[in-house]
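In my numbering, the protein residues as written are 57 to 193.
C-beta: ideal position from N, C-alpha, C; glycine also.
Everything numeric in this text was worked out from a predicted model, so none of it was measured.
Quick notes on the structure that follows.
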Ligand SMILES: [Zn+2]
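Pasting the structure below:
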């Protein structure tokens with residue numbers, strides 16, 4: 057079990073749109089729950105653990121592979137992004153979300169298993185790979 061204090065938190069204030077973290081080029085194994093899926097076969101191992109939230113304060117810029125603030129983030133706040141934007145099938149690391157958002161998806165197992173209403177909230181932030189999976193049904 058990963059402890060809360062092992063997840064990335066802000067070490068300063070950020071404004072919406074600012075880069076919080078570069079995801080880097082380190083590769084992760086497909087069965088590593090710390091992975092961030094970029095394409096069908098490419099999984100990145102981010103330089104630190106990033107917590108999931110259903111109403112997160114960052115999102116991945118898929119062009120630059122950077123985590124960017126999607127709203128103001130204050131120094132000390134937990135950095136979060138929606139795992140559904142990167143993980144199509146996350147059966148290897150599925151978990152019950154307790155983020156507290158009124159839009160919380162509850163049990164998370166990957167974009168593939170989300171309802172269409174849940175998908176619609178994040179589809180514009182999802183990876184090109186996930187959007188391709190959706191198009192192909
Ligand atoms: Zn949640």
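Let me know if residue 142 comes out buried or exposed under the rule of 16 or more other beta-carbons within 10 Å of its beta-carbon.
buried
For residue 72, which residues of its own chain have a beta-carbon under 7 Å away from its beta-carbon, when the five flanking residues on both sides are left out?
125, 126, 127 and 128
Check this for me: beta carbons of residue 78 and residue 121, under 8 Å apart or not?
yes
Using 10 angstroms around the beta-carbon of residue 68, count the other beta-carbons present and answer buried if the total reaches 16, otherwise exposed.
exposed
Figure out for me which residue from 75, 83, 109 and 133 has the closest Cα to the Cα of residue 61.
133
Proximity of residue 93 and residue 181 at Cβ, strictly below 8 Å:
no
Could you check if residue 157 belongs to the surroundings of ligand 1, using beta carbon to heavy atom distance under 7 Å?
yes
So residue 3 is in the beta strand (DSSP E); what residue range does that whole segment cover?
The chain is shown only over 57 to 193; residue 3 falls outside these bounds and no answer can be derived.
Just checking residue 173 against ligand 1 - is the residue's beta carbon closer than 7 Å to any of the ligand's heavy atoms?
no
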